[in-house]
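Working notes, structure below.
In the working numbering, the protein residues as written are 3 to 127.
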């Protein structure tokens with residue numbers, strides 16, 4: 003995704019504007035790319051903390067892939083039901099010309115994210 007447009011969306015949240023017809027038409031922000039990337043990593047870190055809290059100390063001591071995978075797939079919902087419609091792409095990218103491709107890539111990328119969560123848990127135990 004274009005993390006600059008995500009940064010633009012985040013920037014407009016300060017004005018209470020969550021939903022746009024087309025985020026590309028919204029007023030740009032000079033540092034939107036950096037903001038978008040920072041937001042993306044911040045959300046990922048928060049999701050990692052959520053996993054550690056929900057899965058608990060026992061999981062951190064002996065991690066398995068399933069809790070990380072479940073969290074990774076569940077978090078696709080934030081993109082499908084908040085970010086995409088907020089940026090004007092519709093529910094689960096339904097207004098884009100290739101929604102099924104976008105959805106598949108979202109599922110694949112969040113599975114990779116889950117692998118990262120699992121791998122990190124293995125490394126820090």
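For every residue, glycine included, the Cβ atom is placed at its ideal position computed from N, Cα and C.
Output the boundary residues of the alpha helix (DSSP H) element that contains residue 69. That run of the alpha helix (DSSP H) goes 67-76.
Cβ neighbours of residue 109 in the same chain (closer than 8 Å, five flanking residues each side left out): 75 and 78
Please name the residue in 102, 125 and 5 whose C-alpha comes closest to that of residue 39. 5
Please state the DSSP three-state secondary structure of residue 112. Helix at residue 112.
Since residue 41 contacts residue 20 with CB under 8 Å, what's their CB separation in whole angstroms? Contact doesn't hold; Cβ gap of about 14 Å is too wide.
Cβ neighbours of residue 82 in the same chain (closer than 6 Å, five flanking residues each side left out): 94
What span of residues does the alpha helix (DSSP H) with residue 82 cover, start to end? Unbroken run through residue 82: none, as it is neither H nor E.
Would you call residue 112 buried or exposed, if buried means 16 or more other Cβ atoms sit within 10 Å of its Cβ? buried
Burial state of residue 70 (16 or more Cβ within 10 Å): buried
Taking 8 Å as the cut-off, decide whether the C-beta atoms of residue 116 and residue 62 are in contact. no
Anyone know if the C-beta pair for residue 118 and residue 25 falls short of 8 Å? no
Quick check on residue 16: buried or exposed, where buried means 16 or more other Cβ atoms within 10 Å of its Cβ? Its Cβ having fewer than 16 others within 10 Å, residue 16 is exposed.
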